[in-house]
Every structure is written in structure tokens, then in C-alpha cells.
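Q: The structure is given below, and queries will be raised subsequently.
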Amino acid sequence: MLSKLKNKQELTVKSEDVVGEIKNWYYDRYSIVLLQRNLLVIVLIIVALGCLVGVIYLREISLSRTIKPFVIQVEDNTGITTVVDSVSSSNIITRNESIKNYFVIKYIRARETYSEADYKENYDNIARILSSQDVYLTFRRYIGDEKRSPITKYADKTVTTMQVRSIQYNDQGDVATVRFKLDEAGRLNGSYNKIATVKFSISPMTVSKEEMFINPIGFKVTSYRVDDEILP
125 MLSKLKNKQE LTVKSEDVVG EIKNWYYDRY SIVLLQRNLL VIVLIIVALG
175 CLVGVIYLRE ISLSRTIKPF VIQVEDNTGI TTVVDSVSSS NIITRNESIK
225 NYFVIKYIRA RETYSEADYK ENYDNIARIL SSQDVYLTFR RYIGDEKRSP
275 ITKYADKTVT TMQVRSIQYN DQGDVATVRF KLDEAGRLNG SYNKIATVKF
325 SISPMTVSKE EMFINPIGFK VTSYRVDDEI LP
């Protein structure tokens, strides 16, 4: 009887040991899985932070980086290349500069080109309205000189056209240097490279309705000079 009781107690102890070992095994497995999960969460957080930092870095680079295009001009006669104008954040063409470009070119074209059909409009109206009094008087003396006047030189036999090659301004923005090509077509056929230096001002002024259509912003040329461009 005592032997049976002793055996039963031993079996009970062994059963408890087995159950304890099983519990320990499950606890160990649970701890390992929990540790792996925590490590995975940490890795995912690190990856997410890395992606966020990368996106922010790329955004800063894209915002800080500027594209600086430039125009390269090749001389027809020599093949020499020169940078005509560099466009950067400091000299991007603004609305005001576009307006200045328009009136400067309009003025030069009115003075330098010739066609029997429209020279009177160019000489008598556009050049007059866009010129200061002194500049226009000098121009009238020029076209009144039969030896130099394009009216006498070309008459109804030749037409001239202008191609703008570049336009640049001084630091104050009130003097334009314009390189252009003047082409003759008709009885005379020639091409001439020229440089115009135009000093101007823009200020409110009283004008007639007719003049308003030509010069709505008060553009006035106060100094004008054209020279032949001497290519090397």
C-alpha cells in the first residue's frame, strides 16, 4: 500500500515537471516572437524615418537648385561662339524687361528699316512719339540729308529688314545695347551688322489718343547711336 502511494506521488511530481517544462517552452517561444516583433517594429520605424529624411532632402535640393540656361551665338563670318545672355535667378526676363525690350526694338526698327509703304508712319509718328525732342530733331536732319537719307537711297527699289541678334542692359536698366543685322532686298542687296546704343526713360506723360496707341507707357529715347559692328 505504501509502495503504491509512493509511486503515485512520484508520477504526480513528474507530471508537474513536464507541465512546467512545457510552460517554460511556450514562454520562451513567446518571448522570442515578442522580441522579433519588437525588432521588426524598430526596423520599420528606422526605414520610415530614412524615407522621410530622403524625401525632405530631395525636396530641399530641388528647391535650391536652379537651372541656368544661356544663349550661345555663332558669328556667321568667323564661327566664333560667344555667350550672348545668361539667364539666372538675378536676370530672368520680367514683365518690365519684356516691355522695355518691346519698345526698344520697336524704336530701332522704326528708325533703321525702310519700306516705301510705311516709312512715313515709322519716321513721322513712331520715331517722333518715342523720341525726346533733341533726339528726333537729330533724326529729322539725318533723313533730310539727301546724301545719307534712306528715302533717297532706296526710294521704291529696295526694302530693308532687321534681325535682332542680342539685347543687353546696363546695371541701371536705362541703356540698351542692341546688336542687329540689317538686310537689303531689291535693287540693293547687302547685309550689315550694327550695334545700337539706346538710352531711354519711362515716365508718365500727357499724350493724345493717337499717341496713346503708340506709346502708352511714356517711353522716351533720350540718346541714340548706331555703329557698324566690326567683326574680327
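The sequence shown lines up with residues 125 to 356 when you count with my numbering. Virtual Cβ for every residue (Gly too), placed ideally from N, Cα, C. Being a predicted model, the structure only gives us computed values, none of them experimental.
Around the C-beta of Lys344, are 16 or more other C-beta atoms found within 10 angstroms, so that it is buried, or is it exposed?
A: Answer is buried; the Cβ neighbour count reaches 16.
Q: Starting from the N-terminal side, write out each stretch of the alpha helix (DSSP H) that is 4 residues or longer and does not extend beyond the stretch 152-186.
A: Runs of the alpha helix (DSSP H) inside the stretch 152-186: none found.
Q: Run through DSSP, which three-state label would Asn339 get?
A: In this structure, Asn339 counts as coil in the three-state DSSP scheme.
Q: Roughly how many angstroms lie between the CA atoms of Lys333 and Gly268, to the nearest whole one?
A: Each residue's alpha carbon lies about 28 Å from the other.
Q: Measure the beta-carbon distance from Val283 to Ser239 and round it to whole angstroms, keeping in mind my assumption that it falls under 8 Å.
A: 5 Å
Q: Identify the residues that DSSP records as bridge partners of Glu308: which are they?
A: Paired residue(s): Thr284.
Q: Please list, in chain order, all residues of the same chain as Glu353 whose beta carbon is under 7 Å from its beta carbon, the five residues on each side excluded.
A: Arg303, Asn317, Lys318, Ile319
Q: For the alpha helix (DSSP H) holding Lys271, just list the boundary residues, first then last.
A: Careful: Lys271 lies outside any alpha helix (DSSP H) and carries neither H nor E.
Q: Alpha carbon to alpha carbon, how far is Lys277 from Gly271? Give it in angstroms, no decimals.
A: A small correction: the amino acid at residue 271 is Lys; Gly does not occupy that position in the sequence shown. Their Cα atoms are separated by approximately 8 Å.
Q: Please report the distance separating the alpha-carbon of Asp351 from that of Lys323.
A: 15 Å
Q: Just to confirm the assignment, what range does the beta strand (DSSP E) spanning Ala234 have?
A: From DSSP, Ala234 is part of no beta strand (DSSP E) but of the alpha helix (DSSP H) over 219-236.
Q: Mind checking who Phe365 pairs with in its DSSP beta bridge?
A: The structure shown has nothing for residue 365, since the chain only spans 125 to 356.
Q: With 16 other CB atoms within 10 Å as the buried threshold, where does Arg235 fall?
A: buried
Q: Using CA coordinates, which residue listed in Arg252, Ile275, Glu335 is at the minimum distance from Tyr231?
A: Arg252
Q: Out of curiosity, what's the CA-to-CA distance linking Leu163 and Val177?
A: 21 Å
Q: Just to confirm, are Thr330 and Ser256 a CB contact at a threshold of 9 Å?
A: no
Q: Got a sec? Which residues, its chain only, sit under 8 Å from Phe263 by beta carbon, not counting five neighbours each side?
A: Result list for Phe263: Arg235, Tyr247, Ala251, Ser255, Tyr348, in chain order.
Q: Could you check what DSSP says for Ile354 in three-state terms: helix, strand or coil?
A: coil
Q: By Cβ distance below 7 Å, which residues in the same chain neighbour Asp280 in space, the five residues on each side in sequence not counted?
A: Glu240
Q: Can you tell me whether Ala279 is helix, strand or coil according to DSSP?
A: coil
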